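Chemist: Residue numbers (the numbering used here): 238 to 560. We treat Cβ as the ideally placed atom computed from N, Cα and C, and that holds for glycine. Nothing here was measured: the structure is a model prediction, and the numbers come from that model.
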Ligand code: NAD
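1. Take the Cβ of residue 435 as the centre, count every other Cβ of all protein chains shown within 10 Å, and call the residue buried at 16 or more, exposed below.
2. Give the list of continuous beta strand (DSSP E) stretches no shorter than 3 residues that lie fully inside the segment 316-401.
3. Should residue 554 be counted as a contact of the ligand NAD given a C-beta to heavy atom distance under 6 Å?
4. Whole angstroms are fine: how far does the CA of residue 245 sit from the CA of residue 285?
5. Hey, how far is the Cα of residue 360 from the Cα of residue 311?
6. So which of 448, 550 and 511 has the shortest CA-CA distance to residue 266?
7. Would the C-beta of residue 444 count as close to the ligand NAD, meaning under 6 Å from any of its heavy atoms?
8. Tell me where the beta strand (DSSP E) around residue 251 begins and ends.
9. Please identify the residue among 326, 433 and 329 whose C-alpha is closest to the C-alpha of residue 337.
10. With C-beta atoms as the reference, is residue 565 less than 7 Å away from residue 343?
11. Within the present structure, is the beta-carbon of residue 487 separated from the nearest heavy atom of the ligand NAD by less than 6 Å?
12. Around the Cβ of residue 372, are there at least 16 other Cβ atoms within 10 angstroms (buried) or fewer (exposed)?
13. Which residues bound the alpha helix (DSSP H) around residue 449?
14. Grouping DSSP H, G and I as helix and E and B as strand, with all else coil, what is residue 297?
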């Protein structure tokens, strides 16, 4: 497989090399090539992503992606949003599991408030929250396929207030009924609290774009923070795997970032794109063995550096390779 590697900005430069190294140990047959995009590139060249970069990304069998800084500058368009839209990576899969709970958040990834239909005028600003039948049906089908092999589906929305959400909710319910998947629905604000108080109640959670973004950051609290959560951005023809966290400028360059989210994103790449769940499991087992020895980065209350933690995980992987 040909894997495009995008470090991006900030801690992407620190955590993605760790994830790439893990893949190199497990799959020496993979071919890697770097693609430079992001805010750093924009500052240097005036363009955050070029047509050629997009072509290279679209030529890859899978993309391993770090994080990109998106400054609050009206002249700058989010690179990850552009990539998701151009490669039609419509399903954002975000697993969150821990002691007594195993949740998968399925977030629609191309529509809603992130559709890019917006304007700022002198005295007002407007961002359109566009939700289509096609977009809702395909994400609902994706969530139902996952839920069919698990327990049930929870549809998170705000249909009592937002017409676009009532539309989304009705389509999701119709798809769940068609697929014969047990489902319930929940207002997204109530869900943000309940997922923290009763995470064991939830299995597959389906939301539109922004609500999925928010609920997954909320759920990160359950597992020790953003440094822990991976994600897969899947389309029919392309797949991109990235930590849920951003470029974390507050800790960038300090060698303290937690590389677990990036390592788990590499594991998702292995299971979803390479159909290699055995190697994916080996990454998770190696991470768990290192954590069990109380080796942790600062965000988890430890003192290990990014490179220090990474060395332990890679050594575990190399050792498990020999057994
Ligand atoms: P963030 O996820 O970068 O950071 C939030 C907090 O979590 C920070 O305190 C950070 O230090 C901490 N954190 C995040 N990842 C960590 C890790 N691996 N280890 C230890 N601590 C970690 O979110 P933010 O501060 O809201 O955004 C910073 C930049 O990242 C912004 O420009 C934003 O647009 C961008 N961003 C990009 C993506 C993406 O590329 N997919 C996603 C989210 C945010």
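Modeler: With the given structure in hand:
1. Working through the chain shown from its first residue, we reach residue 435 at position 198. So residue 435 counts as exposed.
2. List check, beta strand (DSSP E) in window: 328-335, 338-345, 355-357, 362-364 and 390-394.
3. Within the chain shown, residue 554 is the residue found at index 317, counting from 1. No.
4. Indexing the chain shown from 1 puts residue 285 at position 48. Indexing the chain shown from 1 puts residue 245 at position 8. Looking at the two C-alpha atoms, the distance is approximately 10 Å.
5. Residue numbering aside, residue 360 sits at position 123 when the chain shown is read from its first letter. Residue numbering aside, residue 311 sits at position 74 when the chain shown is read from its first letter. The straight-line gap from Cα to Cα measures roughly 15 Å.
6. Numbered from 1 along the chain shown, position 29 holds the residue referred to as residue 266. Ranking 448, 550 and 511 by Cα distance to residue 266 puts 511 first.
7. Numbered from its first residue, the chain shown carries residue 444 at position 207. The answer is no for residue 444.
8. Translated into the one-based positions of the chain shown, residue 251 becomes position 14. No beta strand (DSSP E) holds residue 251; the alpha helix (DSSP H) holding it covers 249-263.
9. For the purposes of this step, residue 337 is taken as the residue at position 100 of the chain shown. The shortest Cα separation from residue 337 among 326, 433 and 329 belongs to 433.
10. Because residue 565 is not part of the residues shown, which for the chain are 238 to 560, the question remains open.
11. As a position in the chain shown, residue 487 is number 250, starting the count at 1. Because some heavy atom of the ligand NAD lies under 6 Å away, the Cβ of residue 487 counts as near it: yes.
12. Working through the chain shown from its first residue, we reach residue 372 at position 135. When all chains shown are included, residue 372 counts as buried.
13. The residue given as residue 449 occupies position 212 in the chain shown. Membership of residue 449 in the alpha helix (DSSP H) is indicated by the continuous run 446-457.
14. One-based indexing of the chain shown puts residue 297 at position 60. Coil at residue 297, not helix or strand.
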